[in-house]
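Participant: Below are the structure tokens for one structure; questions will follow.
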Amino acid sequence: MARRSLSASLLHFLFVFALFHTLALSKTLKRDVKALNEIKSSLGWRVVYAWVGDDPCGGDGLQPWSGVTCSTQGDYRVVTELEVYAVSIVGPFPTAVTNLLDLTRLDFHNNKLTGPIPPQIGRLKRLKILNLRWNKLQDSIPPEIGELKSLTHLYLSFNNFKGEIPRELANLPELRYLYLQENRFIGRIPAELGTLQNLRHLDVGNNHLVGTIRELIRIEGCFPALRNLYLNNNYLTGGVPAQLANLTNLEILHLSSNKMTGVIPVGLAHIPKLTYLYLDHNQFTGRIPEAFYRHPFLKEMYIEGSSFKPGVNPIGMHKVFEVSDADFVV
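Residue numbers (mature numbering (1 follows the signal peptide of the UniProt record, and there is no 0)): -26 to -1, 1 to 304.
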């Protein structure tokens, strides 16, 4: 038994030794070394002081640069993740990032980046997570983002983006989370987004969007996996269509502070997992169907600021939505 345990320990040691030996012998791809050093030269001292040496993946006794994750591919190391957030980066989006072709995660959130996202972003074909929220980015979203076929999480909220939401976002088959709130988008929400089979969370609140929900859900079988739909604080008009009840996975429906009218269809009360419903500060009329008050999961229904008939009561205690980092854990 002791001999067997010794053999297992020896094999483990040899495996670990071989792994570190391979990493030690691997060279970081020159393309990635050049790109990271270009980024280093364009960023502020808060990042630069922690980026020691010329090789972002480390070597010669130096650790990899803070926020840089590398992996070995064949005889080389490549940069697969770059996370530089909440360090007050000032200036334009560093275009050299788009030369890191093996990136799967790019996180620049909570900085002071300005200007547009460069169209070269479409080169990052392996990118799964793009987090640029809480910056000062401007202009339109480049349609080239629609070329990131592996993308699952897209966070562009709390910036100054303008123009229309590009239809090319519907070309992202793996997309699960789409955060576009707190920008300056105009026009209609592309109905093509409904074709995203894996989309679970769509937040376009606090923009300048127009149109109707009927237009948004006009594609048959749309939004099959959607759980959370935030359309609040825009300029949406029209009523709540009965077809919205076809989104059977819906848990949160946030329609507050629009210009919507009409009555609330009873079918909405039959969405099985509906938990939070926000109808306040619109121009709805009529009564709330009794089925809402019998719903087994509906915890909160907020109705203030509309024109419902007397006797219509809210459900639960309204809580102001407060955004925190916990809401963006991926």
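Positions of the beta carbon are idealized from the N, C-alpha and C atoms, including for glycine.
Quick caveat, the model's predicted, so the values are computed rather than measured.
Work out the CA separation of residue 63 and residue 305 for me, nearest whole Å.
Facilitator: Here the chain has residues from -26 to 304 only, and residue 305 is not among them.
Participant: Counting Cβ pairs, one atom from each stretch, are 3 or more of them under 8 Å apart for the stretch 52 to 61 and the stretch 92 to 99?
Facilitator: no
Participant: Which word fits residue 268, buried or exposed, when buried means at least 16 other C-beta atoms lie within 10 angstroms of its C-beta?
Facilitator: exposed
Participant: Taking C-alpha atoms, which residue in 235, 231, 230 and 244 lies nearest to residue 218?
Facilitator: Comparing Cα positions, the closest option is 244.
Participant: Can at least three beta-carbon pairs, one atom from the stretch 150 to 161 and one from the stretch 186 to 198, be found at a separation below 8 Å?
Facilitator: Short answer: they don't touch.
Participant: Any idea if residue 222 is buried or exposed, counting beta-carbon neighbours within 10 angstroms, 16 or more meaning buried?
Facilitator: exposed
Participant: Go ahead and pull the three-state DSSP assignment for residue 222.
Facilitator: Per DSSP, reduced to three states, the secondary structure at residue 222 is coil, with no helix or strand assignment.
Participant: Between the Cα of residue 281 and the Cα atoms of 241, 236 and 9, which residue gives the shortest distance?
Facilitator: 236
Participant: Which residue or residues does DSSP assign as beta-bridge partners of residue 282?
Facilitator: Looking at the DSSP assignment, residue 282 forms a beta bridge with 260.
Participant: On the DSSP letters alone, give me the boundaries of the beta strand (DSSP E) that residue 136 sits inside.
Facilitator: 136 to 138
Participant: Pick from 69, 105, 76 and 94: whose alpha carbon is nearest that of residue 84?
Facilitator: Cα-wise, what sits closest to residue 84 is 105.
Participant: Since residue 320 and residue 130 are thought to touch, with beta carbons under 8 Å apart, how far apart are those beta carbons, to the nearest angstrom?
Facilitator: Residue 320 is absent from the structure shown; the chain starts at -26 and stops at 304.
Participant: Just reading off the beta strand (DSSP E) that residue 194 is part of, what are its end residues?
Facilitator: Neither: residue 194 is in no beta strand (DSSP E) and is coded neither H nor E.
Participant: Near residue 112, what residues of its chain come up, given a Cβ to Cβ distance below 8 Å and the 5 sequence neighbours on each side ignored?
Facilitator: 88, 89, 90, 133, 134, 135 and 136.
Participant: Mind reading off the beta-carbon distance from residue 146 to residue 110? Whole number of angstroms is fine, and I expect it under 8 Å.
Facilitator: So it is not a contact: roughly 25 Å between Cβ atoms.
Participant: Which stretch, first to last residue, makes up the alpha helix (DSSP H) that contains residue 190?
Facilitator: 187 to 190
Participant: Among residues of its own chain, excluding the 5 on either side of residue 36, which ones have a beta-carbon nearer than 8 Å to its beta-carbon?
Facilitator: Contacts found: 26, 27 and 29.
Participant: Short of 7 Å in beta carbon distance, which residues of its chain neighbour residue 20, apart from the five on each side in sequence? Order them along the chain.
Facilitator: Scanning its chain for C-beta atoms nearer than 7 Å, with the 5 sequence neighbours on each side dropped, one finds around residue 20 the residues 61 and 62, in chain order.
Participant: Counting C-beta neighbours from all protein chains within 10 Å, is the total for residue 262 16 or more, i.e. buried, or is it exposed?
Facilitator: The residue is buried, with at least 16 neighbouring Cβ atoms inside 10 Å.
Participant: Could you tell me which of 119, 70 and 33 sits nearest to residue 93, measuring between CA atoms?
Facilitator: 119
Participant: If you run the structure through DSSP and keep just helix, strand and coil, what is residue 159?
Facilitator: strand
Participant: Should residue 176 and residue 200 be called a contact, given that it needs their Cβ atoms to be closer than 9 Å?
Facilitator: Yes, the Cβ-Cβ distance between residue 176 and residue 200 is below 9 Å.
Participant: Quick one: using the 10 Å Cβ neighbour count with 16 as the cut-off for buried, is residue 256 buried or exposed?
Facilitator: buried
Participant: Excluding the five sequence neighbours on either side, which residues of its own chain have a C-beta within less than 7 Å of the C-beta of residue 76, listed in chain order?
Facilitator: 52, 53, 54 and 100
Participant: Relative to the alpha-carbon of residue 16, which residue among 59, 34 and 68 has its alpha-carbon at the smallest distance?
Facilitator: 68
Participant: Considering only their Cβ atoms, is the gap separating residue 253 from residue 238 smaller than 9 Å?
Facilitator: Yes, the pair counts as a contact, with Cβ atoms nearer than the cut-off.
Participant: Taking the alpha-carbon positions, what's the residue 57 to residue 42 distance?
Facilitator: In a straight line, the C-alpha of residue 57 is about 7 Å away from that of residue 42.
Participant: Using C-beta distances below 8 Å, list every residue in its chain close to residue 182, excluding the 5 sequence neighbours before and after it, in chain order.
Facilitator: 158, 159, 160, 208 and 209.
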